[in-house]
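Protein chains in written order, with our numbering: chain A, 295 to 489; chain B, 295 to 489. Here the structure comes first, spelled out in structure tokens, and everything after it is commentary.
Protein chains: 2
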Amino acid sequence: MIGVMALEHAILVSLLEKPGSGYELARRFERSIGYFWTATHQQIYRVLKRMQNDGWVDVRDVPQQGRPDKKEYSVADLGRAALASWLHDPTEPESVRHDLAVKIRGAAFDEDPAALIREVERHRQAHQDRLARYLAGEERDFTGPEASAAGPRTPLDAQRELQHVVLRGGIAYERMMIDWLDDVLATLARFGPDR
Amino acid sequence: MIGVMALEHAILVSLLEKPGSGYELARRFERSIGYFWTATHQQIYRVLKRMQNDGWVDVRDVPQQGRPDKKEYSVADLGRAALASWLHDPTEPESVRHDLAVKIRGAAFDEDPAALIREVERHRQAHQDRLARYLAGEERDFTGPEASAAGPRTPLDAQRELQHVVLRGGIAYERMMIDWLDDVLATLARFGPDR
DNA sequence: GCTTGCTATGCAACGAGTTGCATAAGATGA
DNA sequence: TCATCTTATGCAACTCGTTGCATAGCAAGC
Numbered sequence: 295m296i297g298v299m300a301l302e303h304a305i306l307v308s309l310l311e312k313p314g315s316g317y318e319l320a321r322r323f324e325r326s327i328g329y330f331w332t333a334t335h336q337q338i339y340r341v342l343k344r345m346q347n348d349g350w351v352d353v354r355d356v357p358q359q360g361r362p363d364k365k366e367y368s369v370a371d372l373g374r375a376a377l378a379s380w381l382h383d384p385t386e387p388e389s390v391r392h393d394l395a396v397k398i399r400g401a402a403f404d405e406d407p408a409a410l411i412r413e414v415e416r417h418r419q420a421h422q423d424r425l426a427r428y429l430a431g432e433e434r435d436f437t438g439p440e441a442s443a444a445g446p447r448t449p450l451d452a453q454r455e456l457q458h459v460v461l462r463g464g465i466a467y468e469r470m471m472i473d474w475l476d477d478v479l480a481t482l483a484r485f486g487p488d489r
Numbered sequence: 295m296i297g298v299m300a301l302e303h304a305i306l307v308s309l310l311e312k313p314g315s316g317y318e319l320a321r322r323f324e325r326s327i328g329y330f331w332t333a334t335h336q337q338i339y340r341v342l343k344r345m346q347n348d349g350w351v352d353v354r355d356v357p358q359q360g361r362p363d364k365k366e367y368s369v370a371d372l373g374r375a376a377l378a379s380w381l382h383d384p385t386e387p388e389s390v391r392h393d394l395a396v397k398i399r400g401a402a403f404d405e406d407p408a409a410l411i412r413e414v415e416r417h418r419q420a421h422q423d424r425l426a427r428y429l430a431g432e433e434r435d436f437t438g439p440e441a442s443a444a445g446p447r448t449p450l451d452a453q454r455e456l457q458h459v460v461l462r463g464g465i466a467y468e469r470m471m472i473d474w475l476d477d478v479l480a481t482l483a484r485f486g487p488d489r
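Next up, the structure:
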């Protein structure tokens with residue numbers, strides 16, 4: 295069997311980067327980690343419970359003032375081992391799912407091509423927005439004096455560099471999508487006037 | 295509610311392009327359509343049955359020689375209408391799922407960085423292979439005299455053009471991934487020697 | 001006092017997708 | 001003859017992911 299159930303592993307990585315509650319994890323899955331892995335809070339709570347039963351994470355009750363108490367999770371030795379084992383196992387490249395591509399091919403059988411143009415423009419805007427968010431995050435987190443400083447390299451440098459290269463992947467993806475959607479719009483424009 | 299259950303719609307598009315059996319559809323989902331939407335034969339048979347019950351497709355028993363008989367499905371009026379309605383509904387941009395990205399960020403907490411390098415190289419190879427397949431398909435299906443011929447445009451031209459622009463999207467995606475994985479490998483190389 | 005909103009956790013039901021297995025007809029080759 | 005491969009269809013069980021709903025504490029504004 296090859297590479298399944300990655301939500302556990304995404305949570306382990308996130309908790310290694312910084313321990314936190316289910317709620318905080320859900321927040322992270324809306325940004326940062328969420329750039330390449332999505333999860334809702336229900337899913338996270340359910341998986342956290344299972345991970346706790348399996349001894350992958352430890353829990354600590356943290357009383358808070360001005361807001362409800364929380365349970366702070368951190369990675370246990372068993373969790374660390376599980377992550378390492380998964381890291382060393384080969385994973386299949388993701389299978390792609392693009393319903394926009396289905397729609398584009400479906401448009402050949404549609405009476406109203408203008409509808410698809412609007413839809414493609416909506417998607418283009420969404421990717422443009424994401425790109426702007428990613429670039430702002432890069433500016434915020436990965437520029438400045440320490441970014442290219444000389445000197446001895448620490449494990450924290452490695453962590454930063456790896457986060458950065460993943461973010462660059464997100465940026466490259468959004469740019470590619472915007473270019474492709476422009477290609478789609480140009481193609482649709484070539485066919486629109488004739489019909 | 296916004297855009298769910300797209301397998302039905304992918305099947306409708308494929309059957310509009312050419313009627314066929316569940317088995318044939320499963321084959322198409324390993325190439326062509328499969329470039330942007332995956333499905334196993336069990337899933338396809340189950341969904342075809344539901345679509346038949348809903349009156350979206352018609353079935354015709356086709357006896358064959360030298361092999362088992364098949365059921366050939368084609369799109370009914372209700373199916374055409376269902377597809378049109380889905381095409382005109384907005385769909386959310388796909389949420390991304392890249393377990394390789396999880397692994398890369400996880401590598402910051404791993405003792406053995408060489409394992410990740412091997413994994414990234416495996417993925418790079420897989421994307422290289424897919425790119426070669428796509429380019430071969432483009433060469434086969436979208437070059438030649440009729441590709442850029444002048445003259446009146448038919449619905450078939452539109453169908454071809456739309457298939458082509460979707461394929462170009464796949465090509466752009468694979469190229470972007472290969473470039474990014476090179477970036478990842480270069481980043482890992484910068485950190486490897488130190489540790 | 002009431003509503004609205006944010007933090008924080010959770011259950012129940014459902015739909016989507018995967019995996020393993022079963023069946024059956026004919027083709028191919030040892 | 002027997003095993004294996006390809007075409008062709010399907011069931012059952014399971015996991016994964018989403019949606020709707022519920023609860024509860026505290027804050028802010030009307």
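Cβ atoms here follow ideal geometry from the backbone N, Cα and C, with glycine treated the same way. Predicted model only: the values in this text are computed from it and were never measured.
Partner residues on chain A for B/I398, Cβ-Cβ distance less than 8 Å: What you label residue 398 of chain B is simply residue 104 of the second sequence in a count that begins at 1. Correct list: L456, V459, V460.
Cβ neighbour criterion (16 or more within 10 Å) applied to A/K397: If you number the first sequence from 1, residue 397 of chain A lands on position 103. With 16 or more other Cβ atoms from the protein chains shown falling within 10 Å of its own Cβ, A/K397 counts as buried.
Cβ contact (3+ pairs, closer than 8 Å) linking the stretch 377-389 of chain A and the stretch 410-427 of chain B: Verdict: yes, contact present.
A/E413 burial status per 10 Å Cβ neighbour count (16 or more: buried): Working through the first sequence from its first residue, we reach residue 413 of chain A at position 119. A/E413 is buried by the Cβ-count criterion.
CB of B/A320 within 7 Å of CB of B/I305, strictly: Here the question's residue 320 of chain B lines up with position 26 in the second sequence. Here the question's residue 305 of chain B lines up with position 11 in the second sequence. Contact: no.
Inter-residue Cα distance where the pair is A/Y428 and A/M470: Along the first sequence, one-based indexing puts residue 428 of chain A at 134. Along the first sequence, one-based indexing puts residue 470 of chain A at 176. One alpha carbon belongs to A/Y428, the other to A/M470, and they sit about 14 Å apart.
Beta-carbon contacts of A/V460 that lie in its chain and below 8 Å, excluding the five residues immediately before and after: Residue numbering aside, residue 460 of chain A sits at position 166 when the first sequence is read from its first letter. Its chain contains Y329, F330 as the residues whose beta carbon lies nearer than 8 Å to that of A/V460, once the 5 sequence neighbours on both sides are disregarded; these appear in chain order.
Pairwise C-alpha distance: A/D435 and B/D451: Locating residue 451 of chain B in the second sequence gives position 157, counting from the first residue. Locating residue 435 of chain A in the first sequence gives position 141, counting from the first residue. Computed Cα separation, rounded: 48 Å.
Where B/K312 sits in the DSSP three-state scheme: To locate residue 312 of chain B, count along the second sequence from 1; it is residue 18. Of the three classes helix, strand and coil, the one that applies to B/K312 here is coil, per DSSP.
Between the CA atoms of B/R424 and B/L310 - distance to the nearest angstrom: As a first step, residue 310 of chain B must be located in the second sequence, where it is residue number 16. As a first step, residue 424 of chain B must be located in the second sequence, where it is residue number 130. Each residue's alpha carbon lies about 26 Å from the other.
Beta-carbon neighbours of A/Q453, restricted to chain B and to distances below 7 Å: Taking the first sequence and counting its residues from 1, the one referred to as residue 453 of chain A is at position 159. What A/Q453 touches in chain B: A402.
Top-ranked residue by Cα proximity to A/A300, from A/G314, A/I327, A/E318: Here residue 300 of chain A refers to the residue found at position 6 of the first sequence. Comparing Cα-Cα distances from A/A300 to each of A/G314, A/I327, A/E318, the minimum goes to A/I327.
Cβ pair A/W474, B/A466 closer than 7 Å: Position 180 of the first sequence, counting from 1, holds the residue named residue 474 of chain A. Position 172 of the second sequence, counting from 1, holds the residue named residue 466 of chain B. Contact: yes.
Simplified DSSP assignment, three categories, for B/V390: Working through the second sequence from its first residue, we reach residue 390 of chain B at position 96. The answer is coil: DSSP assigns B/V390 none of H, G, I, E or B.
Separation of A/A401 from B/E432, as counted between CA atoms: Locating residue 432 of chain B in the second sequence gives position 138, where the first residue counts as 1. Locating residue 401 of chain A in the first sequence gives position 107, where the first residue counts as 1. Taking the straight line joining both Cα atoms gives about 20 Å.
For A/S368 and A/V351, believed in contact at Cβ under 8 Å, the rounded distance: Stepping through the first sequence from its first residue, residue 351 of chain A is reached at position 57. Stepping through the first sequence from its first residue, residue 368 of chain A is reached at position 74. Correct: roughly 6 Å between the Cβ atoms.
Residues that B/S389 contacts on chain A, provided the C-beta gap is smaller than 9 Å: Numbered from 1 along the second sequence, position 95 holds the residue referred to as residue 389 of chain B. The answer, in chain order, is G328, W331, T332.
B/A409 beta carbon less than 7 Å from that of A/H303: Along the first sequence, read from residue 1 onward, the residue named residue 303 of chain A stands at position 9. Along the second sequence, read from residue 1 onward, the residue named residue 409 of chain B stands at position 115. No, Cβ-Cβ distance for A/H303 and B/A409 is not below 7 Å.
Closer than 7 Å to chain A by CB, B/D269: Residue coverage of chain B in this structure runs from 295 to 489, which leaves residue 269 of chain B outside it and unanswerable.
Distance CB(B/E366)-CB(B/R374) smaller than 7 Å: Reading the second sequence from its first residue, position 72 is the one you call residue 366 of chain B. Reading the second sequence from its first residue, position 80 is the one you call residue 374 of chain B. B/E366 is not a Cβ neighbour of B/R374, given a cutoff of 7 Å.
Beta-carbon proximity of B/A378 to A/D404, cut-off 7 Å: Within the second sequence, residue 378 of chain B is the residue found at index 84, counting from 1. Within the first sequence, residue 404 of chain A is the residue found at index 110, counting from 1. Judged by beta-carbon spacing, A/D404 lies within the 7 Å limit of B/A378, meaning their Cβ atoms are closer than that value.
Interface residues of the stretch 411-444 of chain A facing chain B [CB-CB below 9 Å]: Within the stretch 411-444 of chain A, the residues whose Cβ lies closer than 9 Å to some Cβ of chain B are R412, E413, R416, H417, A420, H421, R424, listed in chain order.
Neighbouring residues, chain B, relative to A/G463 (Cβ below 7 Å): Mapped onto the first sequence, residue 463 of chain A falls at position 169. Result: A395, W474.
A/S368 - containing beta strand (DSSP E), residue span: If you number the first sequence from 1, residue 368 of chain A lands on position 74. Looking at the DSSP string, the run of the beta strand (DSSP E) that includes A/S368 is 364-369.
8 Å CB neighbourhood of B/A480 in its chain, flanking five on each side removed: The residue labelled residue 480 of chain B in the question sits at position 186 within the second sequence. Scanning its chain for C-beta atoms nearer than 8 Å, with the 5 sequence neighbours on each side dropped, one finds no residue around B/A480.
CB contact check: A/L309 to chain B, cutoff 7 Å: Position 15 of the first sequence, counted from the first residue, corresponds to residue 309 of chain A. For A/L309, the answer is no, since every Cβ of chain B falls outside 7 Å of its Cβ.
Cβ distance (whole Å) where B/H335 is taken to contact B/G314 below 8 Å: Here the question's residue 335 of chain B lines up with position 41 in the second sequence. Here the question's residue 314 of chain B lines up with position 20 in the second sequence. With a Cβ gap of about 13 Å, B/H335 and B/G314 do not count as contacting.
CB contact flag (B/V341, A/R399, <7 Å): The residue given as residue 341 of chain B occupies position 47 in the second sequence. The residue given as residue 399 of chain A occupies position 105 in the first sequence. The answer is no: Cβ separation not under 7 Å.
Chain B within 7 Å of A/M295, Cβ atoms only: One-based indexing of the first sequence puts residue 295 of chain A at position 1. Annotation note: pLDDT 39 at A/M295 (below 50); position unreliable, no value reported.
Neighbouring residues, chain B, relative to A/M470 (Cβ below 7 Å): As a first step, residue 470 of chain A is located in the first sequence; it is residue number 176 there, counting from the start. For A/M470, the C-beta contacts it makes with chain B under 7 Å involve A466, Y467, M470, in order along the chain.
Own chain partners of B/T437 with C-beta closer than 7 Å, once the 5 adjacent residues on each side are dropped: Translated into the one-based positions of the second sequence, residue 437 of chain B becomes position 143. Cβ within range, chain order: n/a, list empty.
Contacting residues, own chain, Cβ-Cβ under 8 Å from A/L372 (five flanking each side not counted): Numbered from its first residue, the first sequence carries residue 372 of chain A at position 78. Cβ within range, chain order: D348, G349, W350.
Residues near A/T332 in its chain [Cβ-Cβ closer than 8 Å; skip 5 each side]: Against the first sequence, residue 332 of chain A aligns to sequence position 38. The residues are F323.
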